[in-house]
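S.K.: This is the structure I want to talk about, given as structure tokens.
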Amino acid sequence: MSAAAIDASRLLALYPALASLAPVRLAALLQPGAVMELPAGAPVFSERQSCRGFPLLLGGRIKVCKIAPNGRELMLYRVEPGGSCIISSSCLLGRSDYNARGIAETPLILLLLPAPVFAELMLGHAPFRDFVFHLFAERLAELMQLVEEVAFARLDQRLARLLLARQDDVLTITHQQLADELGSVREIVSRLLKGFAAQGLVGLGREQIAILDRPGLQGIAAV
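For what it's worth, our numbering labels the leading residue of the sequence shown as 1075, then goes sequentially.
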């Protein structure tokens, strides 16, 4: 799917909160230049950058993360098609700069609602306003869970839960990527994975992890 192929029906299938807008307003949202394409790895937004608008993701996946001064990364949440970014909405509502960064994990197609359009929809279109606040509630619950895990759960528990959350039994992922998601460092994650491998829970290969014993990992995750 390319940016040129995006039309109102595709937008409304992913964002039904916009369905009651007049056709002329929908057409205005899809003006040339409003729909953007970004390659995998491209920055969507950066810390201390002003927010130009509210992104509606039409294809791909965005990773939103926080970078510490020492370079360590903590993954906050991901944005999938049909969702959006609460950090963007909070920056627009609070008229503040970004305090995290968004990265294209895959090639992206997104529609950027300019700040004045976002403000207009928040004030005058109840379904869109409800969508944004519902998104806030969902993301806040996710972030509270993340805070709880970081503060109270052991790293081996969190690593086991992260591996179990993946549906595939063979994961194509690096130790550094796992460390980034856990807010840890590669050396510690590698040491824990070697411990899991010694127990027969996982098999380790080059940028691959095979889950061999899900019940065993569930036992660690539940401790």
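By construction, the Cβ of each residue, glycine as well, lies at the ideal position given by its N, Cα and C atoms.
On the criterion of 16 or more Cβ atoms from any shown chain inside 10 Å, does Ala1093 qualify as buried, or is it exposed?
M.R.: By the neighbour-count rule (16 or more Cβ atoms within 10 Å), Ala1093 is not buried but exposed.
S.K.: Measure the alpha-carbon distance for His1199 versus Ile1161 and round it to whole angstroms.
M.R.: The straight-line gap from Cα to Cα measures roughly 21 Å.
S.K.: Return the residue from the list Gly1257, Gly1290, Ile1294 that minimises the CA-CA distance to Arg1146.
M.R.: The shortest C-alpha separation from Arg1146 is found at Gly1257.
S.K.: What does a CB cutoff of less than 8 Å around Leu1023 pick up in its chain, not counting 5 residues either side in sequence?
M.R.: Because the chain here runs from 1075 to 1297, residue 1023 falls outside it and cannot be looked at.
S.K.: From Val1153 to Tyr1089, what does the alpha carbon distance come to, in whole angstroms?
M.R.: Approximately 14 Å between the Cα atoms of the pair.
S.K.: Quick check for students: name the residue ranges of the beta strand (DSSP E) that lie wholly in the region 1186-1265, counting only runs of 3 or more.
M.R.: List check, beta strand (DSSP E) in window: 1244-1246.
S.K.: Take the Cβ of Leu1197 as the centre, count every other Cβ of all protein chains shown within 10 Å, and call the residue buried at 16 or more, exposed below.
M.R.: Flag for Leu1197 reads exposed.
S.K.: What is the C-beta distance between Pro1129 and Ser1158, in whole angstroms, given that I count them as a contact (C-beta under 8 Å)?
M.R.: Indeed they touch by this definition, with Cβ atoms about 6 Å apart.
S.K.: From the DSSP output, in three-state form, read off Arg1175 for me.
M.R.: The answer is strand: DSSP assigns Arg1175 an E or B state.
S.K.: With distances taken from CA atoms, which of Asp1081, Pro1113, Glu1111 is nearest Val1098?
M.R.: Comparing Cα-Cα distances from Val1098 to each of Asp1081, Pro1113, Glu1111, the minimum goes to Asp1081.
S.K.: If you draw a straight line from the C-alpha of Arg1232 to the C-alpha of Glu1223, how long is it?
M.R.: Rounded to the nearest angstrom, the two C-alpha atoms are 7 Å apart.
S.K.: Please check if any C-beta of chain D sits within less than 8 Å of the C-beta of Phe1205.
M.R.: Although the question refers to chain D, the structure presented lacks it and comprises just one protein chain.
S.K.: In angstroms, rounded to a whole number, what distance separates the CA positions of Ala1227 and Ile1183?
M.R.: Going from the Cα of Ala1227 to the Cα of Ile1183 covers about 36 Å.
S.K.: Just the Cα atoms here: how many angstroms apart are Leu1214 and Pro1106?
M.R.: Each residue's Cα considered, the two are about 34 Å apart.
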